[in-house]
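Visitor:
Number of protein chains: 2
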Amino acid sequence: MNETYKILIVDDEKDLCEILQFNLASEGFDIEVAYSGEEALAKTIDRFDLLLLDVMMGGMSGFKLADKIRKELGLSVPIIFLTARETENDMLTGFNVGADDYLSKPFSIKELVARIRAVLRRGKSVEVKAKVITIDSMELDLNRKSVTIDRTPVLLTRKEFEILSMLVLHKGKYLSRQEILDRIWSDDVIVTERNVDVNIARLRKKIGEFGQCIKGRSGYGYCFEN
Amino acid sequence: MNETYKILIVDDEKDLCEILQFNLASEGFDIEVAYSGEEALAKTIDRFDLLLLDVMMGGMSGFKLADKIRKELGLSVPIIFLTARETENDMLTGFNVGADDYLSKPFSIKELVARIRAVLRRGKSVEVKAKVITIDSMELDLNRKSVTIDRTPVLLTRKEFEILSMLVLHKGKYLSRQEILDRIWSDDVIVTERNVDVNIARLRKKIGEFGQCIKGRSGYGYCFEN
DNA sequence: TCGTTTTGTAATATTTCTGTAACAGGGGTG
DNA sequence: CACCCCTGTTACAGAAATATTACAAAACGA
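Top to bottom, those sequences are chains A and B. Position one of the first sequence corresponds to residue 14 (this note's numbering), numbered consecutively onward. Position one of the second sequence corresponds to residue 14 (this note's numbering), numbered consecutively onward.
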């Protein structure tokens, strides 16, 4: 009923991050923080309901990050930009990239929370765009959480589907068992890392030849590669 | 007696959507927004009393969308088109598709509201076209909220009928218990998700062999598929 | 109002999903 | 080679989710 929204904050000012994290957490949001665009991309962005991105960051800028998320990952997560600059230009770049809102520092927490709720509410009534990933003859529909191979549906369980999509979204990167556990299993359940193995095995069996695309490497974890 | 009218706005200009949403909501309408034709189709169009469609949209045009709604879904919801273009040609296409009215941007909110009320008033007195969905030998009449199988009436209760039509209108898509609850039960009543199960069970029993078309999948919800 | 129908809850049966354990194989290392 | 660590797979049992039934409360109509 009252679902917890997951928000990712990406900002290299650690102090600000802490303040935001504390305040938003106490508003009932589930917060995660990344201190750079690179760090953010290492996460499965897909599982957040909203991103708060700082425009000015060392390394990758917030806009660059947003662009990657939209274009390369093909995700349409709502994004709110935080910026110290107030030029028209920035605003424009932000919205071109598909920003859902824009907030100039300094801003009040109250205002931020209001904007966040507005964006989430908006997203609620709107059906998300098709998020379909195609790998040869295999299609993952992230919305419907369905998989087809040669147009034939493959019945995956929840965990199997989540593991598969996590691997596919990070195609080419080895994800450790721990990373997979952290992301897919809820915090309060404690399970063995071996569990990932078992689920991977089941998954492999179900997706036939594509099972070979899931590489396991000793000491590294798993990776999808075709 | 003073029923709230549900209006769906489909337009890819988010700013305009917001303005419309705000203004129409404060006129007492119940507004939902979709930012593309595809998004709109993902909704149960059936539950709206009026559609406001932008003609020019990325992806599916408003005309295309209207056409699908009329032909494929077989719905006769009133439609008002919004357009920046004012050519005769457009007007014609619009009315061919079964437009109820036509408004060129820029228009005043006041004018829009007037037209909306006019269309709704008109729809009220006029006999609505049949909205009948046929699945093999099963017929759902969305107007009369009646179902027949082999011409024989099947007496469904209100909840049963709504669940069935929701599933049928989203044929092939798994709908979670929560989605079903949200749409069919009013917000202020709090009921268990188990309730959906019970109603599905009753429904299945009543519609005989078609009960098999209602697939239940652990962790995903229910789906109609034949 | 009464009787009927509809709807919700709770309890129970059943199915599906998931975690653990156990075992088998692979590959490196002493 | 023998050993150990890591991985892949299978089988089983416990857990979770779902289906169904029975009953009570609420809504509805006459």
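Heads up, the beta-carbon is just placed ideally off N, CA and C, and yes, glycines get one too.
1) Which parts of the segment 126 to 202 of chain B are runs of the beta strand (DSSP E), unbroken and 3 residues or longer, counting only runs that do not cross its ends?
2) Per DSSP, leucine 78/B is paired with what?
3) Short of 7 Å in beta carbon distance, which residues of its chain neighbour lysine 172/A, apart from the five on each side in sequence? Order them along the chain.
4) Give me the chain A residues within the contact set of lysine 186/B, using Cβ-Cβ distance strictly less than 8 Å, ordered along the chain.
5) Using CA atoms only, rank isn't needed, just tell me which of Arg215/A, Arg217/A, Arg190/A, Ala214/A is closest to valine 204/A.
6) For tyrosine 18/B, list the residues DSSP reports as bridge partners.
7) Would you say tyrosine 235/B reaches chain A, if we count a Cβ-Cβ gap shorter than 8 Å as a contact?
8) Taking 8 Å as the CB-CB limit, is isoleucine 220/B close to chain A?
9) If you draw a straight line from the C-alpha of leucine 29/B to the C-alpha of valine 46/B, how long is it?
10) Do the segment 218 to 235 of chain A and the segment 176 to 187 of chain A meet, that is, are 3 or more Cβ pairs less than 8 Å apart?
11) Count the other CB atoms within 10 Å of the CB of valine 110/B; is the residue buried (16 or more) or exposed (fewer)?
12) Mind checking lysine 56/B: buried by the 16 CB within 10 Å criterion, or exposed?
13) Over the uninterrupted beta strand (DSSP E) stretch that includes leucine 64/B, give me the two end residues.
14) Quick one: does glycine 232/B have its CB under 8 Å from some CB of chain A?
15) Taking Cβ positions only, does glycine 229/B come closer than 8 Å to chain A?
16) Could you name the residues that DSSP lists as bridge partners for leucine 33/B?
17) Which of helix, strand or coil does DSSP assign to lysine 219/B?
18) Mapping DSSP to helix, strand and coil, what is aspartate 59/A?
19) Would a check of beta-carbon distances place threonine 170/A closer than 8 Å to chain B?
20) What residues are listed by DSSP as bridge partners for glycine 234/B?
21) Can you say whether glycine 75/A is buried or exposed, counting buried as having 16 or more other CB atoms within 10 angstroms of its CB?
22) Here's the rule I'm using: 16 or more other beta-carbon atoms within 10 Å means buried, otherwise exposed. How should glycine 107/B be labelled?
23) For leucine 241/A, which residues of its own chain have a beta-carbon under 8 Å away from its beta-carbon, when the five flanking residues on both sides are left out?
24) Buried or exposed: where does phenylalanine 61/A fall if 16 or more other Cβ atoms within 10 Å of its Cβ makes it buried?
25) Starting from isoleucine 88/B, trace the beta strand (DSSP E) both ways and give me its first and last residue.
26) DSSP three-state label for aspartate 24/A, please.
27) Can you tell which of Ile82/A, Ser39/A, Gly41/A has its C-alpha closest to the C-alpha of glutamate 52/A?
28) Taking the alpha carbon of valine 23/A as the point to measure from, which residue in Gln34/A, Tyr48/A, Ala38/A has its own alpha carbon closest?
29) Would you kindly work out how many angstroms separate the C-alpha atoms of aspartate 59/A and arginine 157/B, rounded to a whole number?
30) Closer than 8 Å by C-beta to methionine 179/B: which residues in its own chain qualify, once you throw out the five before and the five after it? Chain order, please.
31) Helix, strand or coil, according to DSSP, for glycine 224/A in the structure here?
32) In angstroms with no decimal places, state the Cα-to-Cα distance between proline 91/B and aspartate 154/B.
33) Near aspartate 163/A, which residues of its chain fall below 7 Å by C-beta distance, leaving aside the five closest residues on each side in sequence?
34) Indicate the three-state DSSP secondary structure (helix, strand or coil) for valine 46/A in the structure shown.
35) If we count the other Cβ atoms within 10 Å of its Cβ and call it buried at 16 or more, is aspartate 201/A buried or exposed?
Guide: So, from the listed chains and residues:
1) 145 to 148, 151 to 154, 159 to 162, 165 to 167
2) Residue numbering aside, residue 78/B sits at position 65 when the second sequence is read from its first letter. DSSP lists no partner for leucine 78/B.
3) For the purposes of this step, residue 172/A is taken as residue 159 along the first sequence, with counting starting at 1. Around lysine 172/A: Ile197, Asn212.
4) As a position in the second sequence, residue 186/B is number 173, starting the count at 1. Per Cβ cutoff of 8 Å: Arg157.
5) Locating residue 204/A in the first sequence gives position 191, counting from the first residue. With distances taken between Cα atoms, valine 204/A lies closest to Arg190/A.
6) Sequence index remark: in the second sequence, residue 18/B carries index 5 (1-based). Residue pairing for tyrosine 18/B: DSSP places it in no beta bridge.
7) To locate residue 235/B, count along the second sequence from 1; it is residue 222. Judged by the 8 Å Cβ criterion, tyrosine 235/B is not in contact with chain A.
8) On the second sequence, position 207 is the one that residue 220/B refers to. Taking Cβ atoms only, chain A never reaches closer than 8 Å to isoleucine 220/B, which makes this a no.
9) To locate residue 29/B, count along the second sequence from 1; it is residue 16. To locate residue 46/B, count along the second sequence from 1; it is residue 33. Distance between the alpha carbons of leucine 29/B and valine 46/B is about 11 Å.
10) yes
11) Here residue 110/B is taken as the residue at index 97 of the second sequence, counted from 1. Low confidence applies to valine 110/B: its pLDDT is 49, below 50, so where it sits in the model is not reliable, and the reading given next is rough at best. It counts as buried.
12) The sequence position of residue 56/B within the second sequence is 43, counting from 1. So lysine 56/B counts as buried.
13) In the second sequence, residue 64/B corresponds to position 51, counting from 1. That run of the beta strand (DSSP E) goes 63 to 67.
14) As a working note, residue 232/B is residue 219 in the second sequence. It does: the Cβ of glycine 232/B has a partner Cβ on chain A nearer than 8 Å.
15) Locating residue 229/B in the second sequence gives position 216, where the first residue counts as 1. Not an interface residue.
16) Counting from 1 along the second sequence, the entry for residue 33/B is found at position 20. Partner(s): none; leucine 33/B has no beta bridge.
17) Start at 1 with the first residue of the second sequence, and residue 219/B comes out as number 206. Reduced to three states, the DSSP call for lysine 219/B is helix.
18) By 1-based counting over the first sequence, the position of residue 59/A is 46. Residue state, collapsed to three classes: helix.
19) As a first step, residue 170/A is located in the first sequence; it is residue number 157 there, counting from the start. Chain B contact via Cβ: present.
20) Taking the second sequence and counting its residues from 1, one reaches residue 234/B at position 221. Answer is Arg230/B.
21) Here the question's residue 75/A lines up with position 62 in the first sequence. Per the 10 Å Cβ criterion, buried.
22) Along the second sequence, one-based indexing puts residue 107/B at 94. With a pLDDT of 46 at glycine 107/B, under the threshold of 50, the predicted position of this residue should be treated as unreliable, though the coordinate-derived value follows. Buried, by the Cβ-count rule.
23) Summary: the structure shown does not reach residue 241/A, with chain A confined to residues 14 through 239, and so no result is reported for it.
24) Residue 61/A sits at position 48 when you count from the first residue of the first sequence. So phenylalanine 61/A counts as buried.
25) Residue 88/B sits at position 75 when you count from the first residue of the second sequence. For clarity, residue 88/B is leucine in the given sequence; the question names isoleucine instead. Counting along the chain, leucine 88/B falls outside any beta strand (DSSP E), and DSSP gives it neither H nor E.
26) Reading the first sequence from its first residue, position 11 is the one you call residue 24/A. Aspartate 24/A: coil per DSSP, three-state reduction.
27) Sequence index remark: in the first sequence, residue 52/A carries index 39 (1-based). Nearest C-alpha to glutamate 52/A: Ile82/A.
28) Residue mapping note: residue 23/A aligns to position 10 of the first sequence, counting from 1. Checked all of Gln34/A, Tyr48/A, Ala38/A; the closest Cα to valine 23/A is Tyr48/A.
29) Taking the first residue of the first sequence as position 1, residue 59/A is located at position 46. Taking the first residue of the second sequence as position 1, residue 157/B is located at position 144. Their backbone Cα atoms lie some 42 Å apart in a straight line.
30) For the purposes of this step, residue 179/B is identified with residue 166 of the second sequence, where counting begins at 1. Only Thr57, Leu188, Ile193, Arg196, Ile197 meet the Cβ criterion.
31) By one-based count along the first sequence, residue 224/A stands at place 211. Note: glycine 224/A maps to helix in three-state DSSP.
32) Mapped onto the second sequence, residue 91/B falls at position 78. Mapped onto the second sequence, residue 154/B falls at position 141. Answer to the nearest angstrom: the Cα atoms are 18 Å apart.
33) Along the first sequence, read from residue 1 onward, the residue named residue 163/A stands at position 150. Contacts found: Ser150.
34) Indexing the first sequence from 1 puts residue 46/A at position 33. It is a strand residue.
35) By one-based count along the first sequence, residue 201/A stands at place 188. When all chains shown are included, aspartate 201/A counts as exposed.
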